[in-house]
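Visitor: Letter 160 of the sequence shown, counting from 1, is numbered 1436 in our numbering, and no numbers are missing.
Glycine residues also receive a C-beta, built at the ideal position from the N, C-alpha and C atoms.
This structure is a prediction, so every number in the text was calculated from the model and none was measured.
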Amino acid sequence: MSCVVKRLSELDFKLQEIGKLYIPNPSGEPNLVILFPVTRTGKIARECWNNVLKTIKSSHVHALVVIDKTGTGEAGEYFTFHGKEMHSSLYILARDRLEPIFDSQKYIELDEMLWIQQIHDDDSWEGSLGLPSEAEDTDLFLVNFYLRSSESWMEVTEKNAPPARVIFSAIPALIWNRFSGFMFEQGGHVAGSVDATISTVTLLSCELKQLPNFKYFYSSHHWSRRSYAEGHLRSLSFSDGWGGLASADIAILNRNLDNLSALNFFQALLPHQRLTESRKVLMAALQPTLHRRVYMCISYLIVSYLWVPTLVLALRLGVKSVAPCNTHFQDFKRLNYLIRMSWRARTPQQLVKFIEDNLDSQGITRLTERFDFWKQQISELDLIKN
């Protein structure tokens, strides 16, 4: 089979009623789709692109989807020219480089008996790709996944695997298409932490299998230190649209609310016992440890009592405006209060009340549809019997 190239631009999506790229599977046999988002350019990036093509050519891959976010279309041109010898279909999706990664991926819809597996341009890998002919449509094929530890690579186990392991594994169409719907239902914009959500529901709903001939080496530089992780979460939540509330605490709260919403959204695919058990676990995850409660209270007292003498000192020194400091202080108070109010929710209905009383009043217009989605999905969790 010769390479079939299909290019879709932003204009193409506007002309389509649904705005989705549908990847057919005429054979009806288990087949693999590789998803490759591209943001980097230059010599090192092209070496990575060439490695992708080499891996595809030595594997059994049905299609390669390149999300070109280079801004210049360089990646699309490269794969169109150099991918001519691939025995796989090639799809090029041109997206805005500033668009969040999962917002770009929601456009992909898979035919039956297709699996989708991601490769990113800041990671590395080795081996060949492909699925066994006896694959079932509820199978999740986990890659051999490695994280850097000191100067060496450490293979993760089931107990210490991060959500990224599922994202870079072969996810069945049954889950992926539902996940695409999950993203669209939130208004077409989802948080960067949604990888934890798809990992949660996929592990709950699928039979776990292995891809023995492929190793994936994940660049975990964002999570290598606590300070890096908190900074990355803060950055993600700011890009997400939380404004002055952007923080690691908000990113984690958003993730927990997404996970609870996903339990209801995916409930038709989840075994009932796993569903009810996960509901209890996720509701309990909203409750902080004693250490966390003490830390939040002390930090609030310190900032509150330091603010007044700081303001007085600034005025005595002749500072013309303390507005920026006042804005940060007010944002801190809002965030602290918001997180502490979330701890009071012990049932899905109480959590819905928290969203109505606290999130709806924040005036974050970009997230209005997400808040409505959360309220609808979480309220229905109470209808699921234990």
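1) Would you list the residues sitting across from residue 1462 in a DSSP beta bridge?
2) Using 8 Å as the threshold, is the C-beta distance between residue 1324 and residue 1416 below it?
3) Taking only runs that begin and end inside the region 1405-1432, name each unbroken beta strand (DSSP E) of 3 or more residues, in chain order.
4) With 16 as the cutoff for other CB atoms within 10 Å, does residue 1651 come out buried or exposed?
5) In three-state terms, what does DSSP make of residue 1393?
6) So is residue 1571 buried or exposed if we call it buried at 16+ other beta carbons inside 10 Å?
7) Got a sec, what are the start and stop residues for the alpha helix (DSSP H) residue 1444 sits in?
8) For residue 1338, does the count of other Cβ atoms within 10 angstroms reach 16, so buried, or fall short, so exposed?
9) Between the C-alpha atoms of residue 1518 and residue 1640, what's the straight-line distance to the nearest angstrom?
10) Mapping DSSP to helix, strand and coil, what is residue 1626?
11) Taking the alpha carbon of residue 1472 as the point to measure from, which residue in 1530, 1439, 1318 and 1465 has its own alpha carbon closest?
12) Taking the alpha carbon of residue 1537 as the reference point, which residue from 1556, 1654 and 1382 has its own alpha carbon closest?
13) Could you check whether residue 1314 and residue 1397 sit closer than 8 Å to each other, using their CB atoms as the reference points?
14) Decide if residue 1372 is buried, meaning its Cβ has at least 16 other Cβ atoms within 10 Å, or exposed.
15) For residue 1647, collect the residues of the same chain with a Cβ closer than 7 Å to its Cβ; drop the 5 residues on either side in sequence, then sort them by chain order.
16) Taking all protein chains shown into account, decide if residue 1389 is buried (16 or more other Cβ within 10 angstroms of its Cβ) or exposed.
17) Are the beta-carbon atoms of residue 1551 and residue 1543 separated by less than 8 Å?
18) Rounded to whole angstroms, what is the Cα-Cα separation between residue 1367 and residue 1424?
19) Examine the ligand ADP and report whether any of its heavy atoms sits within less than 7 Å of the Cβ of residue 1387.
20) Given this structure, state the Cα-to-Cα distance separating residue 1609 from residue 1573, to the nearest angstrom.
21) Just verifying my parser: in three-state terms, what is the DSSP assignment at residue 1592?
22) Less than 8 Å between the beta carbons of residue 1645 and residue 1462, yes or no?
23) Rounded to the nearest angstrom, how far is the Cβ of residue 1378 from that of residue 1458, given a contact under 8 Å?
24) Could you compute how far the alpha carbon of residue 1296 sits from the alpha carbon of residue 1465?
25) Can you tell me which of 1340, 1607 and 1479 puts its alpha carbon nearest to the alpha carbon of residue 1545?
26) On the DSSP bridge list, what partners appear for residue 1400?
27) Using the Cα positions of residue 1399 and residue 1311, report the straight-line distance between them to the nearest angstrom.
28) Since residue 1354 is in the beta strand (DSSP E), which residue starts that stretch and which ends it?
29) Return helix, strand or coil for residue 1513, following the three-state DSSP convention.
30) Specify, as a first and last residue, the run of the beta strand (DSSP E) that residue 1370 falls within.
31) Are residue 1387 and residue 1306 close, meaning C-beta to C-beta below 8 Å?
Guide: Checking against the coordinates, here is how it stands:
1) None, per the DSSP bridge assignment.
2) Judged by beta-carbon spacing, residue 1416 lies beyond the 8 Å limit of residue 1324, meaning their Cβ atoms are not closer than that value.
3) 1415-1425 and 1428-1431
4) buried
5) strand
6) exposed
7) Run containing residue 1444: none; DSSP gives neither H nor E here.
8) buried
9) 7 Å
10) helix
11) 1439
12) 1654
13) yes
14) exposed
15) Excluding sequence neighbours, residue 1647 sits near 1631, 1635 and 1636.
16) buried
17) Taking C-beta atoms as the reference points, residue 1551 and residue 1543 count as a pair closer than 8 Å.
18) 32 Å
19) Annotation note on the ligand ADP: not contained in the displayed structure, which lists no ligands.
20) 11 Å
21) Interpretation of residue 1592 is limited by its pLDDT of 49, a score under 50 that renders its predicted location unreliable; the figure taken from the coordinates is listed afterwards. Helix at residue 1592.
22) yes
23) Wrong, their Cβ atoms sit about 10 Å apart, outside the cutoff.
24) Residue 1296 and residue 1465 have their C-alpha atoms spaced approximately 15 Å apart.
25) Of the listed residues, the one whose Cα sits closest to residue 1545 is 1479.
26) 1493
27) 14 Å
28) Not the beta strand (DSSP E): residue 1354 falls in the alpha helix (DSSP H), residues 1350-1358.
29) Looking at residue 1513 - three-state DSSP - the assignment turns out to be helix.
30) 1365-1370
31) no
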